Amino acid sequence: NLDTHRDLLKWAQRQVAAQELAGTTRDSGRRADYERIAREDKGHCIDAIKRAGLLFIRWERYGTKAWEDQVEEETIAGNSREDVNRHLSQQLFPIQLFEEHLSSRLSDILNLSIKDIDKQYRSTPGFPVPTTVRSVSQALRELCRAGQIGIRHPRGNFCKENPNLTETELFDATIGEPFETTTVHPPIPTPTEEEGQIAPPLGEEEETIGPVPPPTIPAKKQEISIPPQTGAGQLRQTVAVRLQEFPDAKMVRLRATIFLENSTGDLSSLPASIRGNLSGEGTLTVEITVTKVGKFSKVEVEQIIESLPSLPNADYGARLELLIPSTEEERRDE
6 NLDTHRDLLK WAQRQVAAQE LAGTTRDSGR RADYERIARE DKGHCIDAIK RAGLLFIRWE
66 RYGTKAWEDQ VEEETIAGNS REDVNRHLSQ QLFPIQLFEE HLSSRLSDIL NLSIKDIDKQ
126 YRSTPGFPVP TTVRSVSQAL RELCRAGQIG IRHPRGNFCK ENPNLTETEL FDATIGEPFE
186 TTTVHPPIPT PTEEEGQIAP PLGEEEETIG PVPPPTIPAK KQEISIPPQT GAGQLRQTVA
246 VRLQEFPDAK MVRLRATIFL ENSTGDLSSL PASIRGNLSG EGTLTVEITV TKVGKFSKVE
306 VEQIIESLPS LPNADYGARL ELLIPSTEEE RRDE
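Note that the sequence shown covers residues 6 to 339 in our numbering.
In structure tokens:
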């Protein structure tokens with residue numbers, strides 16, 4: 006019990022006294038001594054707290070009186086902010102816990118926006134505690150993928166799949182009843198040279214001298230979405246794996262999204278390019294969207310992703326538009 010730790014109380018009292026004396030004395034030598042004593046005793050206090058370790062007090066039930074509360078003590082590994090966050094998010098409040106809790110109250114979240122549901126979990130005693138900005142939204146993505154809920158948004162309705170939405174778009178989406186999905190194949194458009202068709206040379210064919218140009222190969226567009234990843238490197242690897250499914254495709258459009266929410270801690274720990282000259286405690290939310298249009302190889306796509314701005318603890322997602330040559334069967338169907 007730190008309240009009765011004799012050495013800790015002694016060091017804390019000495020630190021406070023030394024700080025007060027350093028602020029009142031005019032003698033520079035004494036001031037330096039007092040400041041040294043304050044630093045040393047502060048270090049002793051911090052070391053004692055680290056050795057004692059941290060506990061997370063989890064309220065299992067709130068009673069009508071304080072002594073009727075039921076609590077559980079959980080030992081936390083580590084003592085830095087990063088260690089505590091990692092332990093809470095992986096050991097005490099993993100995504101699976103949010104999935105189970107949301108599954109038990111599906112009727113309560115129907116027709117609510119994901120933003121409102123996230124707010125519920127951040128303000129309701131007894132609910133699992135979101136330790137990251139994606140704790141609730143990722144759990145809802147998983148429930149949607151499992152077909153337990155539908156997600157409605159102006160960009161489309163989703164069920165039995167991971168919604169093709171950025172984190173900002175997802176927060177504006179609404180929970181609905183699950184529904185059956187049917188795979189709709191879009192009509193194969195008449196491709197143009199701009200869309201990747203190899204067009205024959207201009208002029209009348211009967212007057213063309215030389216080898217016959219290769220036949221036009223129609224192409225169809227397909228969009229693939231990469232859900233948020235924990236960094237540009239992870240996003241690059243995931244994109245590389247997905248693109249292996251389309252060996253003959255050409256990438257014509259890449260839209261990358263970077264989402265960061267810093268709700269606790271010192272703003273000065275963030276890059277100056279996004280916080281300016283701000284420092285101290287504060288909340289900062291950033292979403293960066295980068296769009297590249299052209300014709301890119303797989304290597305070029307990976308290089309673009311590797312060149313994205315580096316923001317610690319941000320989520321990186323992507324949406325790619327591909328041109329895929331039509332199969333022989335699809336060309337016969339035309």
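By construction, the Cβ of each residue, glycine as well, lies at the ideal position given by its N, Cα and C atoms.
Please read these numbers as outputs of a predicted model, since none were measured by experiment.
To which residues does DSSP link residue i through a beta bridge?
{"i": "Ala43", "result": "Note: Ala43 sits in no beta bridge, so no partner."}
{"i": "Asn282", "result": "According to DSSP, Asn282 bridges with nothing at all."}
{"i": "Phe301", "result": "Met256"}
{"i": "Ile263", "result": "Ile293 and Tyr321"}
{"i": "Pro133", "result": "Beta-bridge pairing links Pro133 to no other residue."}
{"i": "Thr179", "result": "Ser118 and Arg157"}
{"i": "Leu341", "result": "The structure shown does not extend to residue 341, since the chain is modelled only from 6 to 339, so the question has no answer here."}
{"i": "Asn162", "result": "Arg157"}
{"i": "Ile231", "result": "Ala323"}
{"i": "Asp8", "result": "BP columns for Asp8 are empty, so no partner."}
{"i": "Asp271", "result": "Glu286"}
Are the CB atoms of residue i and residue j nearer to each other than 9 Å?
{"i": "Leu289", "j": "Leu313", "result": "no"}
{"i": "Asn84", "j": "Leu59", "result": "yes"}
{"i": "Val138", "j": "Phe264", "result": "yes"}
{"i": "Phe103", "j": "Gln143", "result": "yes"}
{"i": "His158", "j": "Thr186", "result": "no"}
{"i": "His10", "j": "Ala43", "result": "no"}
{"i": "Pro233", "j": "Glu172", "result": "yes"}
{"i": "Leu145", "j": "Leu107", "result": "yes"}
{"i": "His49", "j": "Asp12", "result": "yes"}
{"i": "Lys300", "j": "Ile309", "result": "no"}
{"i": "Arg324", "j": "Glu228", "result": "yes"}
{"i": "Ile156", "j": "Leu111", "result": "no"}
{"i": "Ala46", "j": "Ala27", "result": "Reading off the sequence shown, one finds Asp at residue 46, where the question assumed Ala. Going by C-beta atoms, Asp46 is not nearer than 9 Å to Ala27."}
{"i": "Ala22", "j": "Glu40", "result": "no"}
{"i": "Glu311", "j": "Arg241", "result": "yes"}
{"i": "Ile2", "j": "Ser140", "result": "The question about residue 2 has no answer, for the chain in this structure spans 6 to 339."}
Assuming residue i and residue j form a contact by the criterion Cβ under 8 Å, report the distance between their Cβ atoms to the nearest whole angstrom.
{"i": "Asp123", "j": "Pro135", "result": "7 Å"}
{"i": "Tyr321", "j": "Ala237", "result": "5 Å"}
{"i": "Arg63", "j": "Glu79", "result": "6 Å"}
{"i": "Ala183", "j": "Gly161", "result": "Here the sequence assigns Pro to residue 183, which means Ala is not the residue at that position. That belief does not hold up - the Cβ atoms of Pro183 and Gly161 are roughly 15 Å apart, past 8 Å."}
{"i": "Ala57", "j": "Leu7", "result": "6 Å"}
{"i": "Glu294", "j": "Thr262", "result": "Reading the sequence as shown, one finds Thr at residue 294 and not Glu. Right, the Cβ-Cβ distance comes to about 5 Å (below 8 Å), so this counts as a contact."}
{"i": "Asp176", "j": "Lys120", "result": "Here the sequence assigns Phe to residue 176, which means Asp is not the residue at that position. Sure, about 4 Å apart at Cβ, within 8 Å."}
{"i": "Leu275", "j": "Asn267", "result": "6 Å"}
Just to check, is the beta-carbon of residue i closer than 8 Å to a non-hydrogen atom of the ligand GTP?
{"i": "Asn162", "result": "The ligand GTP is not among the ligands present in this structure, which contains no ligands whatsoever."}
Inter-stretch contact (C-beta, 8 Å, three-pair minimum) for the region 123-130 and the region 165-175: no
Whole runs of the alpha helix (DSSP H) within the region 32-115, excluding any shorter than 4 residues: 33-57, 86-92, 100-108 and 111-114
Sufficient close CB pairs (3 or more, under 8 Å) joining the region 250-259 to the region 323-330: Three or more Cβ pairs drawn from the region 250-259 and the region 323-330 lie within less than 8 Å of each other, which places the two stretches in contact.
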